[in-house]
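Q: So that we are looking at the same thing, I have put the structure below in structure tokens.
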Amino acid sequence: MTGTSRPDESRAPQKTAASGSGGFPPPAGDPEKASAFTGPGRRLTVLSGPSGVGKSTVVAELRRAHPEVWLSVSVTTRKPRPGETHGVEYFFADNEEFDGLIASGGLLEWAEFAGNRYGTPRTPVLDKLAAGVPTLLEIDLQGARQVRATMPEALLVFLAPPSWEELEKRLRGRGTEPEDVIARRLAAGRIEMAAEQEFDLTLVNTSVQDVCHRLIALMADAPEASRPGRSPS
Ligand code: 5GP
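In terms of the UniProt record's numbering, the sequence shown has 212 at position 212, counting the first letter as 1, and numbering is strictly consecutive.
Below, the structure written as structure tokens:
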């Protein structure tokens with residue numbers, strides 16, 4: 001997977017609420033339309049994609065613009081990066097604590113990624129879904145596969161980089177990981193890119209705002225509506 005670049009639209013879903021409902025975001029100042037979630041909405045959405053693609057940036061923007069969407073906070077054995085706060089980006093745990101969560105069935109899914117473990121706390125997700133709150137998981141491919149198996153009604157969205165070169169650039173440009181960790185993340189990224197077809201649709205991260213709008217539109221789409229299709233790439 002090298003040297004391919006592609007226009008944003010080439011991977012856009014054929015059917016999204018953004019393209020099908022006459023415009024998103026809704027006009028400001030109209031309380032009736034202030035939230036995208038006026039209908040039943042799609043309850044559980046999984047956002048996945050290779051490390052460095054910009055999932056966290058997209059999610060941060062989505063939370064800013066749409067606080068009605070609840071983002072699951074994962075548990076990880078990774079050490080906090082500068083600026084990360086326990087309970088905000090992650091719950092930071094040691095190996096023993098993580099083992100305990102697995103043993104007690106406290107995780108909806110979990111995976112080992114580039115030498116650390118990551119998992120989604122089960123109870124908060126089930127509580128939010130039961131309360132009808134639109135819920136977003138930002139997890140890796142292995143986790144997405146587990147969610148697909150246990151909660152097939154979830155919408156699985158793959159966030160792709162505009163090109164492999166761009167992904168490498170973003171991962172290195174972050175400056176938060178040493179070279180060996182970057183190499184592991186890129187190796188995992190190749191596997192993730194090869195699994196793109198397993199997802200319901202792909203959004204190419206050429207613009208954070210655009211990806212956010214599309215994601216929200218998809219989440220606002222009724223769950224019983226047919227799954228979005230894909231344009232040929
Ligand atoms: P990072 O260390 O860069 O924050 O995350 C590394 C990878 O772990 C990313 O691909 C991220 O989406 C994924 N990840 C974060 N939380 C979870 C989780 O709860 N479960 C799984 N399976 N992956 C996660």
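The C-beta atom is built at its ideal place from N, Cα and C for all residues, glycine as well.
Could you please give the first and the last residue of the uninterrupted alpha helix (DSSP H) stretch that includes G143?
A: As a working note, residue 143 is residue 143 in the sequence shown. Taken as a continuous stretch (DSSP letters only), the alpha helix (DSSP H) holding G143 covers 141-150.
Q: Is R78 near the ligand 5GP - that is, is its Cβ less than 7 angstroms away from at least one heavy atom of it?
A: On the sequence shown, residue 78 is found 78 positions in, with the first residue counted as 1. Yes.
Q: Tell me the rounded alpha-carbon separation between P82 and G49.
A: Along the sequence shown, read from residue 1 onward, the residue named residue 82 stands at position 82. Along the sequence shown, read from residue 1 onward, the residue named residue 49 stands at position 49. Their Cα atoms are separated by approximately 23 angstroms.
Q: Check residue 278 in the structure and name its three-state DSSP category.
A: Here the chain has residues from 1 to 233 only, and residue 278 is not among them.
Q: Does any residue of chain B have a CB that is nearer than 8 angstroms to the CB of P152?
A: Absent here is chain B; the protein component of the structure consists of one chain.
Q: Under the rule that 16 or more other beta-carbon atoms within 10 Å means buried, what is D99, buried or exposed?
A: Walking along the sequence shown from the start, residue 99 turns up at place 99. By the neighbour-count rule (16 or more Cβ atoms within 10 Å), D99 is not buried but exposed.
Q: From what residue to what residue does the beta strand (DSSP E) around N116 run?
A: Start at 1 with the first residue of the sequence shown, and residue 116 comes out as number 116. That run of the beta strand (DSSP E) goes 116-121.
Q: Determine the burial state of H86: buried for a count of at least 16 other Cβ atoms within 10 Å of its Cβ, exposed for fewer.
A: Position 86 of the sequence shown, counted from the first residue, corresponds to residue 86. It counts as exposed.
Q: With distances taken from CA atoms, which of A220, A131, P161, V125 is nearest residue 234?
A: Absent from the model: residue 234. The displayed extent of the chain is 1 to 233, so no value can be given.
Q: Comparing the CB of I191 with every heavy atom of the ligand 5GP, is any distance shorter than 7 angstroms?
A: The residue you call residue 191 lines up with position 191 of the sequence shown. A distance criterion of 7 angstroms places the beta-carbon of I191 beyond contact range of the ligand 5GP, judged by its closest non-hydrogen atom.
Q: The beta strand (DSSP E) with V204 in it runs from where to where?
A: Reading the sequence shown from its first residue, position 204 is the one you call residue 204. Note, V204: beta strand (DSSP E), 201-204.
Q: Is it right to say L205 is buried, meaning 16 or more other beta carbons lie within 10 angstroms of its own, or is it exposed?
A: Here residue 205 refers to the residue found at position 205 when the sequence shown is read from its first residue. It should be pointed out that residue 205 corresponds to Asn in this sequence rather than to Leu. Of the residues assessed, N205 falls on the buried side of the cut-off, its CB having 16 or more other CB atoms within 10 angstroms.
Q: Closer than 7 angstroms: is that where the CB of G100 sits relative to any heavy atom of the ligand 5GP?
A: Residue 100 sits at position 100 when you count from the first residue of the sequence shown. For the ligand 5GP, not one heavy atom lies less than 7 angstroms from the Cβ of G100.
Q: Nearest by alpha-carbon distance to S74: which of V157, A188, E192, V125 is it?
A: Residue 74 sits at position 74 when you count from the first residue of the sequence shown. Of V157, A188, E192, V125, the residue nearest in Cα terms is V125.
Q: Is it right to say K79 is buried, meaning 16 or more other beta carbons lie within 10 angstroms of its own, or is it exposed?
A: Start at 1 with the first residue of the sequence shown, and residue 79 comes out as number 79. Under this definition K79 is an exposed residue.
Q: Give me, in chain order, the residues of the same chain whose beta-carbon lies closer than 6 angstroms to that of G52; leave out the 5 immediate sequence neighbours on both sides.
A: Counting from one through the sequence shown, the residue named residue 52 turns up at place 52. These residues qualify, in order along the chain: L167, R170, L171.
Q: Report whether the distance from the Cβ of Q142 to the nearest heavy atom of the ligand 5GP is below 7 angstroms.
A: For the purposes of this step, residue 142 is taken as the residue at position 142 of the sequence shown. Indeed, a heavy atom of the ligand 5GP lies less than 7 angstroms from the Cβ.
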